[in-house]
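Quick notes on the structure that follows.
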Amino acid sequence: MFRRLAFVIILAGIGVAAALAAPLPGKVQSAASDTLVVVVNLENVEWLVVGKPVRLMDADKGALVGKSMVIGVADSTVTLVAPKGKAKNLKPGSSVTMEKP
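The C-terminal residue of the sequence shown carries number 1447 in the numbering used here, and the numbering is unbroken.
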């Protein structure tokens, strides 16, 4: 009985780990007030949808920028609205990562 329970818990843990999306790295192409344009590789990224929030991290400093809203997804660019006043430290060429919140 204990072995079955342990097996089910392990399978559930593997399923949860697989469901979590890997961070999506990118580079800031332009930053104007609170709007960021980020260049990314959009292959196999289904969770990045217009109108959905993403967790934005400054990869250079390892700091959390905050929860941003996706307002546009094109070929290899993603347009985001960052939290008010948080995007001022991100300059063009800065490395960022986006994660599913």
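Glycine included, every Cβ here is placed at the ideal spot set by N, Cα and C.
Helix or strand or just coil, what does DSSP make of residue i?
{"i": "Val1354", "result": "helix"}
{"i": "Ala1377", "result": "strand"}
{"i": "Ala1409", "result": "strand"}
Just how far apart, CA to CA, sit residue i and residue j?
{"i": "Thr1443", "j": "Asp1404", "result": "7 angstroms"}
{"i": "Gly1408", "j": "Lys1432", "result": "14 angstroms"}
{"i": "Asp1406", "j": "Pro1369", "result": "14 angstroms"}
{"i": "Thr1381", "j": "Ile1355", "result": "43 angstroms"}
Using CA coordinates, which residue listed in the options is at the minimum distance from residue i?
{"i": "Lys1373", "options": "Phe1348, Arg1401 and Val1424", "result": "Val1424"}
{"i": "Pro1402", "options": "Ser1414, Val1396, Val1391 and Gly1418", "result": "The amino acid at residue 1402 is misidentified as Pro; the sequence shows Leu. Of Ser1414, Val1396, Val1391 and Gly1418, the residue nearest in Cα terms is Ser1414."}
{"i": "Trp1393", "options": "Val1419, Ala1352, Gln1375 and Val1384", "result": "Val1419"}
{"i": "Asn1387", "options": "Pro1371, Ala1377 and Ser1441", "result": "Pro1371"}
{"i": "Asn1390", "options": "Leu1351, Ala1377, Val1384 and Ser1422", "result": "Ser1422"}
Since residue i and residue j should fall inside the 8 angstroms C-beta cutoff, what is the C-beta to C-beta distance between them, to a whole number of angstroms?
{"i": "Val1400", "j": "Glu1445", "result": "7 angstroms"}
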